[in-house]
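Numbering (UniProt numbering), first residue to last: 1 to 128. Taking it in order: structure first as structure tokens, then the write-up.
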């Protein structure tokens with residue numbers, strides 16, 4: 001996504017917001033398995049670029065919700081197109097069943113890594 005001026009970390013934030021727009025910033029950090037400070041910096045840069053907007057929660061004014069802006073929505077459409085093209089190239093030659101199996105295996109590996117991190121008491125902002 002570098003040609004679009006978006007880092008990999010920013011891409012993850014935007015991709016998640018495209019499915020769950022208007023999340024409270026702390027919940028977004030938890031779902032992305034990022035520290036609050038790390039996510040705050042990412043959102044700051046995206047907000048400065050006009051790609052996302054922070055708004056106070058209607059019930060708890062101290063909480064900030066993060067929304068895609070119109071510019072962000074256009075960027076997401078372009079990112080999806082490029083991502084789909086890249087995925088097709090990466091997975092070229094794999095059958096639909098092989099792709100499903102690969103996704104299942106990678107999900108298992110991720111769950112194992114998360115469990116190891118939790119057992120060791122590592123924080124979200126620490127490397128495994």
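Yeah, the Cβ is synthetic: ideal placement off N, Cα and C, and Gly gets one too. As the structure is a prediction and not an experimental result, all values here were calculated from the model.
Subject >> Contiguous beta strand (DSSP E) assignments of at least 3 residues, all confined to the UniProt domain "HTH marR-type" (1-114) >> reply: 52-56 and 64-68
**OP:** May I have the straight-line CA-CA distance separating residue 33 from residue 13, to the nearest angstrom?
**Re:** Reading the chain shown from its first residue, position 33 is the one you call residue 33. Reading the chain shown from its first residue, position 13 is the one you call residue 13. Using only the alpha carbons, I get a separation of about 11 Å.
Subject >> Residue closest to residue 87, alpha-carbon to alpha-carbon, out of 43, 102 and 73 >> reply: Translated into positions along the chain shown, residue 87 becomes position 87. Per the Cα distances, 102.
**OP:** Taking 7 Å as the cut-off, decide whether the C-beta atoms of residue 28 and residue 68 are in contact.
**Re:** Indexing the chain shown from 1 puts residue 28 at position 28. Indexing the chain shown from 1 puts residue 68 at position 68. Cβ distance not < 7 Å, so residue 28 and residue 68 don't count as in contact.
Subject >> Under 7 Å between C-beta atoms of residue 108 and residue 99 >> reply: If you number the chain shown from 1, residue 108 lands on position 108. If you number the chain shown from 1, residue 99 lands on position 99. Their beta carbons are not under 7 Å apart, which means residue 108 does not touch residue 99 by this criterion.
Subject >> Cβ pair residue 39, residue 10 closer than 7 Å >> reply: Counted from its first residue, the chain shown places residue 39 at position 39. Counted from its first residue, the chain shown places residue 10 at position 10. Against a cut-off of 7 Å, the Cβ pair of residue 10 and residue 39 comes out as no contact.
Subject >> Euclidean distance between Cα positions of residue 54 and residue 116 >> reply: Your numbering for residue 54 matches position 54 in the chain shown. Your numbering for residue 116 matches position 116 in the chain shown. Roughly 34 Å between the two C-alpha positions.
Original post:
Using a threshold of 6 Å, is the CB atom of residue 22 nearer than that to any non-hydrogen atom of the ligand ATP?
Top reply: No copy of the ligand ATP occurs in the structure displayed, which carries no ligand at all.
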